[in-house]
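S.K.: Numbering (the working numbering), first residue to last: 1 to 233.
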Amino acid sequence: MPDIQIGGLVSFTTIDYPGKLSCVLFLRGCPIRCAYCSNQHLITPGEGEYDADKVFNWLRDRVGKLEAVVFSGGEALMQGAATIDYIKRVRELGFKIGLHTNGFYPNLLADVSDYVDWIGLDYKAPRDKYESLVGNGTAYDLMSKSLDVWLKTGKDLEVRITCDPHFITKQDLLDIANDCASRGVHKIAIQKYIPHFESDENKTSDAARSQFFTDCDLRKTIDSMFESVTWRE
Ligand code: SF4
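1. For L93, count neighbouring Cβ atoms within 10 angstroms of its own Cβ and tell me buried if that reaches 16, exposed if not.
2. Is N136 near the ligand SF4, with its Cβ less than 6 Å from a heavy atom?
3. Should A68 be labelled buried (16 or more other beta-carbon atoms within 10 Å of its own) or exposed?
4. Would you please state the rounded distance, in angstroms, between the beta carbons of D44 and E75? I believe it to be under 8 Å.
5. What span of residues does the beta strand (DSSP E) with V159 cover, start to end?
6. Taking only three categories from DSSP, how would you classify S228?
7. Go ahead and pull the three-state DSSP assignment for F257.
8. Quick check on G80: does DSSP put it in helix, strand or coil?
9. In this structure, how does DSSP classify S199 when only helix, strand and coil are distinguished?
10. To the nearest angstrom, how far is it from the Cα of Y219 to the Cα of P18?
11. Per DSSP, what are the beta-bridge partners of G137 in this structure?
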């Protein structure tokens, strides 16, 4: 079995797995191309910058110091069986396992679900705008299926919506929140869009990026729909 290709590592974080001290492994490869991707150096598969065995030995030394290991990307499940095998080995060390995913691989998510304790799932836009945002016509349906797969496990989940004003209006955000609430999601995070790669003709204003966060009625409505709403500005 090939080693997983690890393109980045954050050795200590308090914000990537809810309530746990964790580290994050960024795996190479992503099947979609989000307009606002800030990890473009990770989206093409290629040699990992980190030796997977050395990282595993380092993780063994972190037992008792860290509580969780988060697999992120890129899209961690794009490496399929190699990722799942590595996750199983890391879990046997006693860590909680987190997974940040765009939901493109619902079958692999089902396969790995026994070994993952929590996921952060991207719900990037309403169905009719998904393809133009991510450059793939199947991504919405796959993400939606992943949401169902995970909800069926009964395990912890945060749905994440990044409010890129090129693709999302306040009504869209409300529609996504309604869809999540009606399907049984309890925790969502609403994330401010950060303009990493805007061309001059596509520039957004701070007011456009902040509109979701400054609208008190919108916030109150969405807050009332879930057990937990995190507004990440
Ligand atoms: S899913 Fe994440 S890594 Fe992949 S293109 Fe989108 S933002 Fe980038």
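Even glycine gets a Cβ: it sits at the ideal position worked out from N, Cα and C.
M.R.: On the basis of the coordinates in this document:
1. Walking along the sequence shown from the start, residue 93 turns up at place 93. Exposed is the call here.
2. For the purposes of this step, residue 136 is identified with residue 136 of the sequence shown, where counting begins at 1. No, the Cβ of N136 stays beyond 6 Å of every heavy atom of the ligand SF4.
3. Numbered from 1 along the sequence shown, position 68 holds the residue referred to as residue 68. Buried.
4. On the sequence shown, residue 44 is found 44 positions in, with the first residue counted as 1. On the sequence shown, residue 75 is found 75 positions in, with the first residue counted as 1. According to the sequence as given, residue 44 is Thr; it is not Asp. Not confirmed; about 12 Å, so no contact.
5. Taking the sequence shown and counting its residues from 1, one reaches residue 159 at position 159. Its beta strand (DSSP E) spans residues 156–163.
6. As a working mapping, residue 228 is identified with position 228 in the sequence shown. Note: S228 maps to strand in three-state DSSP.
7. What is shown of the chain runs 1 to 233, which leaves residue 257 out entirely.
8. The sequence position of residue 80 within the sequence shown is 80, counting from 1. Correct three-state label for G80: helix.
9. Within the sequence shown, numbered from 1, the residue matching residue 199 stands at position 199. Correct three-state label for S199: coil.
10. On the sequence shown, position 219 is the one that residue 219 refers to. On the sequence shown, position 18 is the one that residue 18 refers to. Note on identity: in this sequence residue 219 is Arg, with Tyr being the wrong assignment. When rounded, the distance between both Cα atoms is 21 Å.
11. Along the sequence shown, one-based indexing puts residue 137 at 137. Answer is none; G137 lacks a bridge partner.
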